[in-house]
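Student:
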Amino acid sequence: GENVEQHPSTLSVQEGDSAVIKCTYSDSASNYFPWYKQELGKRPQLIIDIRSNVGEKKDQRIAVTLNKTAKHFSLHITETQPEDSAVYFCAASPSGTYKYIFGTGTRLKVLA
Amino acid sequence: DAMVIQNPRYQVTQFGKPVTLSCSQTLNHNVMYWYQQKSSQAPKLLFHYYDKDFNNEADTPDNFQSRRPNTSFCFLDIRSPGLGDAAMYLCATSRDGRGHQETQYFGPGTRLLVL
Chain Z
32 GENVEQHPST LSVQEGDSAV IKCTYSDSAS NYFPWYKQEL GKRPQLIIDI
82 RSNVGEKKDQ RIAVTLNKTA KHFSLHITET QPEDSAVYFC AASPSGTYKY
132 IFGTGTRLKV LA
Chain D
15 DAMVIQNPRY QVTQFGKPVT LSCSQTLNHN VMYWYQQKSS QAPKLLFHYY
65 DKDFNNEADT PDNFQSRRPN TSFCFLDIRS PGLGDAAMYL CATSRDGRGH
115 QETQYFGPGT RLLVL
């Protein structure tokens, strides 16, 4: 079955700097890759997603890149703000299933 | 405007006392999920339904069961809660994308405490 690894587990950046979180997946049949932001005590919220027929997607300060050959995808946050501090989860969903396999999470701290 | 609703938000039960958590959705989505999330960990899939078709994860304990009486509602039954079952339980839904995955929407979760 699918396995998703996520790095780093914690990340501290200065306000205004960029943050990059990386995930690798094992199942080449995975074709949908969402990223979730989860604040303490709250539900995971989708922030951006990408499908396997696209290499990059951007939404304001957030971007995701996908390398299907290497089976990895990354989240890029530019001009970080203190409100970006949260736990971020990547996920992969294999084609033909309705399952989402989550990475282990990255705790991002943006220092003011 | 709530799309995925979970009740109760907080549940306290005693060791071994059955408990039921509920989830409802106004999105008319085919697929509903139950996840268990412990502190600082990723959500762990317990079950999912495609309509009434039930899918159990291989490592979901027998202590956990689920029911989906109709499209809108889904229940998680914990028959004999142990201390290790204390966690946040998240319900989620997604639409059948006719061959491709769609966005997953999470409810606010029910935090279960076992005394």
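Top to bottom, those sequences are chains Z and D. Residue numbers for the first sequence follow our numbering, so the first one is 32 and each next one is one higher. Residue numbers for the second sequence follow our numbering, so the first one is 15 and each next one is one higher. Where a beta carbon is used, it is the ideal one built from N, C-alpha and C, also for glycine.
Based on Cα-Cα distance, which residue from Gln55/D, Gly96/D and Ala101/D lies nearest to Gly134/Z?
Tutor: Gln55/D
Student: Quick check for students: name the residue ranges of the beta strand (DSSP E) that lie wholly in the segment 69-127 of chain D, counting only runs of 3 or more.
Tutor: Complete beta strand (DSSP E) runs here, min 3: 78-81, 87-92, 101-108 and 118-120.
Student: Can you list the residues of chain D that Thr135/Z reaches, using a CB-CB cut of under 7 Å?
Tutor: Ala56
Student: Helix or strand or just coil, what does DSSP make of Asp115/Z?
Tutor: helix
Student: Could you pull out every residue in the same chain whose Cβ sits closer than 7 Å to the Cβ of Arg82/D, ignoring the five residues on either side in sequence?
Tutor: Met46, Tyr63, Lys66 and Cys88
Student: Quick one: is Ala123/Z buried, meaning 16 or more other Cβ sit within 10 Å of its Cβ, or exposed?
Tutor: buried
Student: If we define contact as Cβ-Cβ less than 8 Å, is Pro39/Z a contact residue for chain D?
Tutor: no
Student: Taking the C-alpha atoms as reference points, what is the distance between Phe120/Z and Lys102/Z?
Tutor: 17 Å
Student: Could you tell me the distance, in whole angstroms, from the CA atom of Asp95/D to the CA atom of Phe120/D?
Tutor: According to the sequence as given, residue 95/D is Pro; it is not Asp. Between Pro95/D and Phe120/D, the C-alpha separation is close to 23 Å.
Student: Please list, in chain order, the chain Z residues whose beta carbon lies closer than 7 Å to that of Phe61/D.
Tutor: In chain order: nothing, as chain Z lies at least about 11 Å away.
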